[in-house]
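Number of protein chains: 2
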Amino acid sequence: MEKPLILITNDDGITAPGIRALIEIVKSIGDVDVYVVAPDSPQSAMGHAITINSTLHIEEIKGGAVQEWSCSGTPVDSVKIAVDRILPRKPDLCVSGINHGSNSSINVIYSGTMSAAVEAGIEGIPAIGFSLSDFSYHADFKAGEKFIKKIIMETLENGLPDGVVLNVNIPKLPEEELKGIRICRQARAKWDESFEERVDPRGRNYYWLTGNFVNMDKGKDTDEWALANGYISVVPVQFDMTAHQFMPNLNTWDLNGFDDK
Amino acid sequence: MEKPLILITNDDGITAPGIRALIEIVKSIGDVDVYVVAPDSPQSAMGHAITINSTLHIEEIKGGAVQEWSCSGTPVDSVKIAVDRILPRKPDLCVSGINHGSNSSINVIYSGTMSAAVEAGIEGIPAIGFSLSDFSYHADFKAGEKFIKKIIMETLENGLPDGVVLNVNIPKLPEEELKGIRICRQARAKWDESFEERVDPRGRNYYWLTGNFVNMDKGKDTDEWALANGYISVVPVQFDMTAHQFMPNLNTWDLNGFDDK
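What follows is the structure, encoded as structure tokens:
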């Protein structure tokens with residue numbers, strides 16, 4: 001049997017400590033082929049952005065830990081070009097991260113890390129995004145290593161159904177305080193934004209986005225609950241965004257069949 | 262009773278013909294307060310990107326059709342700053358578009374138009390994204406006018422549940438050939454990408470993203486079916502991305518409770 005082919009990407013850029021830690025974890029699995037294709041610069045909060053109005057460059061990084069390419073585009077661009085131009089075949093798994101900062105609850109939608117995983121999923125590749133609730137450059141990516149490896153092994157073994165990827169978040173805790181893994185749903189939370197106004201040297205106003213995270217959802221089956229209680233959260237994520245449960249109601253509106261010819 | 266306050270945005274930029282057409286349709290409703298806050302330049306395929314590592318500018322456009330501001334950021338930035346800094350209160354509705362090009366099926370995930378609508382939804386504002394399956398600058402945005410107005414009126418009247426927005430797509434057809442409205446689910450489709458390789462004047466390779474749209478889903482309840490058959494598609498879209506139906510299976514993996522302390 002062929003060795004599993006694993007694509008590693010992220011949104012913090014190919015030199016970030018988080019992706020370096022993930023490369024080491026994947027290598028430790030043993031008998032796998034590893035390719036890294038990741039943005040050449042930080043791409044946080046890029047969501048599912050793709051590059052359509054300008055060009056992309058890729059560059060092979062010689063002497064890397066594994067076979068590595070940097071990409072001038074977004075995380076989603078990196079996955080697309082990896083599959084089309086770099087990898088010898090469709091990979092068996094795509095892992096994205098380890099992100100410097102949480103991608104739990106609503107953050108899944110802003111996250112470049114998760115968008116890379118979702119893009120892989122769209123292309124039919126089992127995929128997992130990993131994030132650590134610690135924005136610092138010197139975050140401790142070792143603490144969650146055992147759990148990350150376990151989640152990767154289970155995913156390789158079980159596979160994932162068409163249209164589903166995994167969103168894994170790790171709380172910022174020392175290894176001995178990580179309590180285990182919980183399968184969760186995405187909490188209903190949001191950012192309560194405010195823009196800080198400043199004045200530039202030429203007298204023009206400008207704004208910085210700031211904000212507070214607000215969790216309206218106290219369910220013990222949510223990722224936010226798991227993280228707050230010392231657990232690693234695993235949320236299955238789909239990219240069919242249809243609100244199926246609202247269909248019956250929407251069909252009572254005077255729309256379906258409106259002005260039919 | 263206060264007049265409904267309606268926020269209009271888009272991803273093609275504030276000067277695009279599509280948003281101009283949408284402004285006219287909203288004005289034609291009559292007794293409404295209309296604010297436009299939209300990117301100052303085209304932002305297609307930006308997905309749910311937000312600006313966190315640089316600053317934003319907004320500029321009031323004097324003498325516009327209604328109260329208008331341009332924003333230097335993405336579509337999602339425009340909604341965020343509108344709510345925090347520009348609008349007198351939380352709007353009763355946010356409409357995004359009319360996009361130059363389709364945002365049906367998987368395109369919902371790449372679309373700046375839909376990301377703006379989703380962002381409004383996250384903030385608890387009923388929201389609709391409108392897109393026309395015609396990329397040309399001189400697309401006929403008048404053809405679907407009656408249907409767009411109807412969908413806006415029904416949404417103002419019925420409201421939308423927390424966590425749901427609408428994705429409306431209009432086929433490229435003359436008015437008399439538009440057959441009516443269909444409530445649909447998102448088709449399972451994808452882009453089969455390939456990158457075209459070229460060589461720059463300095464001998465370096467670069468790539469352009471190209472691709473073919475592949476619809477794997479022939480269901481007559483899908484948006485792709487509706488559009489191909491002359492109907493306007495209305496898909497309710499949610500931003501809880503949890504794959505709830507996969508939970509029972511995922512719980513059979515050796516993960517939940519792994520290495521619990």
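Respectively, the protein sequence lines represent chains B and W. With the working numbering, the residue at position 77 of the first sequence is 77, and numbering never jumps. To convert a position in the second sequence, counted from 1, into the working numbering, add 261. Where is the CB? At the ideal position from N, CA and C, for every residue including glycine.
Problem set entry | Neighbourhood of S394 of chain W by C-beta, 8 Å cutoff - its chain only, sequence neighbours within 5 removed | Counting only Cβ-Cβ distances below 8 Å, and skipping sequence neighbours, we find G362, S363, S365, N430, I431, P432, K433 and L488.
Problem set entry | Among B:S233, B:R20 and B:E59, the one whose alpha carbon lies nearest that of L511 of chain W | B:S233
For this session: Give the range of the beta strand (DSSP E) segment to which L354 of chain W is assigned.
Result: L354 to H361
Problem set entry | Closer than 7 Å at the beta carbon, the chain B residues around P422 of chain W | F246
For this session: Return the CA-CA distance between Q186 of chain B and R459 of chain W, expressed in angstroms with no decimal places.
Result: 42 Å
Exercise. Can a CB atom of chain B be found closer than 8 Å to the CB of I367 of chain W?
Worked result: yes
Exercise. Taking Cβ-Cβ distances shorter than 9 Å, what residues in chain B pair up with K522 of chain W?
Worked result: E176, E177, L178, K179, G180 and G230
Exercise. When Cβ atoms are compared, which residues of the region 45-67 of chain B fall closer than 8 Å to chain W?
Worked result: A45, M46, G47, H48, A49, I50, T51, I52, N53, T55, L56, H57 and I58
For this session: Taking only beta-carbon positions, decide if Y398 of chain W is within less than 8 Å of chain B.
Result: no
Problem set entry | Contact set for I183 of chain B: own chain, Cβ-Cβ below 6 Å, skip 5 residues either direction | V234
Exercise. Of the residues B:G97, B:I152 and B:K146, which one's Cα is nearest the Cα of S131 of chain B?
Worked result: B:G97
Problem set entry | Amino acids of chain W, ordered along the chain, whose beta-carbon sits closer than 8 Å to that of E193 of chain B | Contacts between E193 of chain B and chain W, judged by CB atoms closer than 8 Å, involve K341, V344 and D345 in chain order.
Exercise. S455 of chain W to G124 of chain B, Cα distance in whole Å?
Worked result: 16 Å
For this session: Could you tell me how far apart the beta carbons of N271 of chain W and P352 of chain W are, in whole angstroms, since I believe they sit closer than 8 Å?
Result: Their Cβ separation, rounded to whole angstroms, is 15 Å, which puts N271 of chain W and P352 of chain W out of contact at 8 Å.
Problem set entry | Supposed contact pair K142 of chain B and A21 of chain B - C-beta distance, whole angstroms, cut 8 Å | 7 Å
For this session: Mind the definition here: the region 291-311 of chain W touches the region 326-343 of chain W only if three or more C-beta pairs lie below 8 Å; say whether that holds.
Result: Counting Cβ pairs under 8 Å, three or more are found: they touch.
Exercise. Since G441 of chain W is in the beta strand (DSSP E), which residue starts that stretch and which ends it?
Worked result: G441 to I444
Exercise. Of all the CB atoms in chain W, is at least one closer than 8 Å to the CB of V118 of chain B?
Worked result: yes
Problem set entry | Given N205 of chain B as reference, the closest of W:W514, W:R465 and W:R346 once Cα atoms are compared | W:R346
For this session: Would you list, in sequence order, the uninterrupted beta strand (DSSP E) runs of no fewer than 3 residues that lie entirely inside the region 381-445 of chain W?
Result: If only complete runs of 3 or more residues are kept, the region 381-445 of chain W shows the beta strand (DSSP E) at 388-393, 425-431 and 441-444, in order along the chain.
Exercise. What is the DSSP secondary structure of A16 of chain B, counted as helix, strand or coil?
Worked result: coil
Exercise. Would Y398 of chain W be called buried (16 or more neighbouring beta carbons within 10 Å of its own) or exposed?
Worked result: exposed
Exercise. Using the rule of at least 16 other Cβ atoms within 10 Å of the residue's Cβ for burial, across every protein chain shown, is P509 of chain W buried or exposed?
Worked result: exposed
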